[in-house]
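Chains Y and A, in that order, are what the protein sequence lines are.
Be aware that the first sequence starts at 169, since it is given in the working numbering, and climbs by one per residue.
Be aware that the second sequence starts at 3, since it is given in the working numbering, and climbs by one per residue.
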Amino acid sequence: MKIRSVAIALIALACSPQASAAPDGAALYESNCAACHQVNGGGIGLPLSASKLATVSDNYIKSTIRHGRIGRIMPAFPELSSAQVDAITAYIRSWSGVAGPQYPDTPLPGDRRRGGSLFKIYCSSCHSSDGSGEGLGTGVTYSRGRSFAVMPPAITNPGFLASASDHMIKRVIMLGRPGTAMKSFLDVGLRDNDFNDLVSYIRSFEAKQRIPSAAAEETEKSPALMFDSPNDFATTIASIKSAIEGKNFRYLPDRHLEKGLTESGQVNRRQMTIRYCNFQQLYKMMRVEPRLGVGLPCRITVIENDDGTVQLIAMNMRLIAQLFNNDQLLEFAEELHEIQLDIIDEALL
Amino acid sequence: MNTKPLIKLWLMLALSLTSLPGIAQNILTVRSAQNFERSMTSLQSSIETHGYKVAHVQRCDSGLTGLGYETDRYRVVFFGKHEEVRRLSADFPELIPFLPLKIAVFAEGEQTIISSINPTSLGEFYADDRLRIQFKRWENDLRSILSDMQQGGSAAAGEE
Numbered sequence: 169m170k171i172r173s174v175a176i177a178l179i180a181l182a183c184s185p186q187a188s189a190a191p192d193g194a195a196l197y198e199s200n201c202a203a204c205h206q207v208n209g210g211g212i213g214l215p216l217s218a219s220k221l222a223t224v225s226d227n228y229i230k231s232t233i234r235h236g237r238i239g240r241i242m243p244a245f246p247e248l249s250s251a252q253v254d255a256i257t258a259y260i261r262s263w264s265g266v267a268g269p270q271y272p273d274t275p276l277p278g279d280r281r282r283g284g285s286l287f288k289i290y291c292s293s294c295h296s297s298d299g300s301g302e303g304l305g306t307g308v309t310y311s312r313g314r315s316f317a318v319m320p321p322a323i324t325n326p327g328f329l330a331s332a333s334d335h336m337i338k339r340v341i342m343l344g345r346p347g348t349a350m351k352s353f354l355d356v357g358l359r360d361n362d363f364n365d366l367v368s369y370i371r372s373f374e375a376k377q378r379i380p381s382a383a384a385e386e387t388e389k390s391p392a393l394m395f396d397s398p399n400d401f402a403t404t405i406a407s408i409k410s411a412i413e414g415k416n417f418r419y420l421p422d423r424h425l426e427k428g429l430t431e432s433g434q435v436n437r438r439q440m441t442i443r444y445c446n447f448q449q450l451y452k453m454m455r456v457e458p459r460l461g462v463g464l465p466c467r468i469t470v471i472e473n474d475d476g477t478v479q480l481i482a483m484n485m486r487l488i489a490q491l492f493n494n495d496q497l498l499e500f501a502e503e504l505h506e507i508q509l510d511i512i513d514e515a516l517l
Numbered sequence: 003m004n005t006k007p008l009i010k011l012w013l014m015l016a017l018s019l020t021s022l023p024g025i026a027q028n029i030l031t032v033r034s035a036q037n038f039e040r041s042m043t044s045l046q047s048s049i050e051t052h053g054y055k056v057a058h059v060q061r062c063d064s065g066l067t068g069l070g071y072e073t074d075r076y077r078v079v080f081f082g083k084h085e086e087v088r089r090l091s092a093d094f095p096e097l098i099p100f101l102p103l104k105i106a107v108f109a110e111g112e113q114t115i116i117s118s119i120n121p122t123s124l125g126e127f128y129a130d131d132r133l134r135i136q137f138k139r140w141e142n143d144l145r146s147i148l149s150d151m152q153q154g155g156s157a158a159a160g161e162e
């Protein structure tokens, strides 16, 4: 009897309005997308404008949400259910009030080599000769100079290539993207076979995709770099500062780890954080990753243990940079990682 | 040799690598409709409401503009609980680079972006279960603070 009651209760719960309610696309969009795309689809990346939405299918939007853009800030959202992805897509689509186009999945026949020549003439000035987009940067926003109102997307990106059908790419090339530098190449005078050749060339980027390197897999897994110092606390701090200057970085005023968290007299004075910066390096990195501040500033903390031993502890920038979905940042982080190791090496001499 | 199956296989592999659970949430980010100054005030208030003390606000834009770079307003807010920082730094010195907690705040026109590392994303690097619990607590607090910013921003936008 008891089991039967529980079963009935469970069935009732499953059939309740709450359990069967469709996901709220607007709420999902606000919590997952609006930070970058703004509440109305502006923000970084291609604006989710009516003119853009008119050229992309629902499947393209869903696939983009699901796969993101590897190495380009836009993350994949594997944790969203299909119903949630559908709801976000429907919400975005509701802005224009017009159903999206449907494209066949069939590949377009084209002359890839000829497409390559056309690409060089008509596309490479914005999308770069290898299709990876316009230099450094993330989009229309953040703390950076902006040479384009909208950054040309990396059309080599596996997320893009997996989401866009040949027919969709063709249509975008033909009609362009109003409000951006992407013009209509129908107006330029290209013909149907030209578009097919270009699509064939763009599709060939799939064969040139960079396979994730084994080196990335071998990266050490500790988020902190820890070293024993042969010197005493004060000497270690002085050595680090000297090494920082030697690398053309500036160090900021000393700061105890606990400073500001308690009364001055109660601060542990055997934990000193040395913060340092090279503004040229900082600017380069913030251009490619505006959220970089979550890891700033560069710092090395010197601690003196109860037994008198002294240690240096620093963030493993190479590893932490992997938390961002940003290949360009990884390159800079690698450079910074090496500089940081040099500073520590020199300080420990 | 027909390379298409290999290409497809690679593409699927590449995409599956990005589909690891949680990868989307390594960096928690929200947008506030409040302007930068109001967001800074709201953020510090929310941090304190959640039981933390703001230790320090680091300006990141002044050095850049001083050198002639074009940049928006940018701050990093450091905050923590003294006893927690003392205990964790003693028990887990390898956690020190992430102490105190921090949130980056930067202007985007008249709106503001607020970002933080998701502490739980550090969990995969630290084996100790006590830290995993700590990371989850921090994540919950950070999400709540960011939610305050998002909702406060929306409310403020509605008022104006």
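Note that CB positions come from ideal geometry on N, CA and C, so glycine has one too.
Closer than 8 angstroms to the CB of residue 104 of chain A there is at least one CB belonging to chain Y. Cα atoms of residue 332 of chain Y and residue 228 of chain Y: separation of roughly 6 angstroms, rounded to the nearest angstrom.
Under the 8 angstroms criterion on CB atoms, residue 154 of chain A is classed as non-interfacial with respect to chain Y. Contact check for residue 442 of chain Y and residue 405 of chain Y: beta-carbon distance about 6 angstroms, within the 8 angstroms limit, so the pair qualifies. Of the residues Y/460, Y/251, Y/480 and Y/252, the one whose Cα lies closest to the Cα of residue 400 of chain Y is Y/480. Separation of residue 40 of chain A and residue 152 of chain A (C-alpha to C-alpha, rounded to the nearest whole angstrom) is 12 angstroms. Beta-carbon to beta-carbon, residue 191 of chain Y and residue 267 of chain Y are separated by about 20 angstroms, too far to satisfy the 8 angstroms threshold.
What residue 65 of chain A touches in chain Y, judged by beta-carbon distance under 7 angstroms, is 445 and 447, going in chain order. In terms of CA proximity to residue 149 of chain A, Y/203 leads the group Y/203, Y/510 and Y/283. Counting the other CB atoms within 10 Å of its CB gives residue 517 of chain Y a total below 16, which places it among the exposed residues. Taking a cut-off of 8 angstroms for Cβ pairs, the stretch 456-473 of chain Y and the stretch 41-59 of chain A do not touch, as fewer than three such pairs fall below it.
Flagged as an interface residue toward chain Y: residue 99 of chain A, by a C-beta distance shorter than 8 angstroms.
The C-alpha of residue 199 of chain Y lies about 21 angstroms from the C-alpha of residue 264 of chain Y.
Taking a cut-off of 8 angstroms for Cβ pairs, the stretch 490-499 of chain Y and the stretch 465-481 of chain Y do not touch, as fewer than three such pairs fall below it. Closer than 8 angstroms to the CB of residue 299 of chain Y there is not a single CB belonging to chain A. Across the stretch 26-42 of chain A, CB contacts with chain Y closer than 7 angstroms involve 26, 28, 29, 31, 32 and 33, in sequence order along the chain. Here residue 113 of chain A has 33, 34 and 35 as same chain residues with Cβ atoms under 7 angstroms from its own Cβ, once five neighbours each way along the sequence are excluded. A/38 is the residue among A/27, A/38 and A/28 whose C-alpha sits nearest the C-alpha of residue 111 of chain A. Under the three-state reduction of DSSP output, residue 288 of chain Y falls in the helix class. Within the same chain, Cβ atoms closer than 6 angstroms to the Cβ of residue 351 of chain Y are found at 344, the five residues on either side in sequence being excluded.
At the C-beta level, residue 393 of chain Y and residue 101 of chain A stay beyond 8 angstroms of one another. If you draw a straight line from the Cα of residue 285 of chain Y to the Cα of residue 374 of chain Y, it comes to about 18 angstroms.
Interface residue (Cβ-Cβ distance to chain A less than 8 angstroms): residue 321 of chain Y is not classified as such. Within chain Y, the residues whose beta carbon sits less than 9 angstroms from that of residue 60 of chain A are 420, 443, 461, 464 and 465, listed in sequence order. Contacts with chain A at 8 angstroms (Cβ-Cβ) do not include residue 509 of chain Y.
Listed along the chain, the chain Y residues whose CB falls inside 9 angstroms of the CB of residue 55 of chain A are 428, 429 and 430. Ranked by Cα distance from residue 290 of chain Y, the first of Y/508, Y/341 and Y/466 is Y/341.
For residue 411 of chain Y, the CB contacts under 6 angstroms within the same chain, skipping 5 residues up- and downstream, are 511, 514 and 515 in chain order.
At a cut-off of 8 angstroms, the C-beta of residue 398 of chain Y has no neighbouring C-beta in chain A. Listed along chain Y are 391, 488 and 491, each with a C-beta nearer than 9 angstroms to that of residue 124 of chain A.
Taken through DSSP and simplified to helix, strand or coil, residue 325 of chain Y comes out as coil. The alpha carbon of residue 348 of chain Y has as its nearest neighbour, out of Y/219, Y/196, Y/490 and Y/278, the alpha carbon of Y/219. Proximity of residue 52 of chain A to chain Y, defined by a Cβ-Cβ separation below 8 angstroms, is not satisfied. The beta carbon of residue 237 of chain Y sits closer than 6 angstroms to those of 325 and 327, all from its chain and outside the five residues before and after it, given in chain order. Look at the stretch 458-512 of chain Y and you find these whole runs of alpha helix (DSSP H), each 4 residues long or longer: 485-488. Judged by DSSP in its simplified three-state form, residue 117 of chain A adopts strand.
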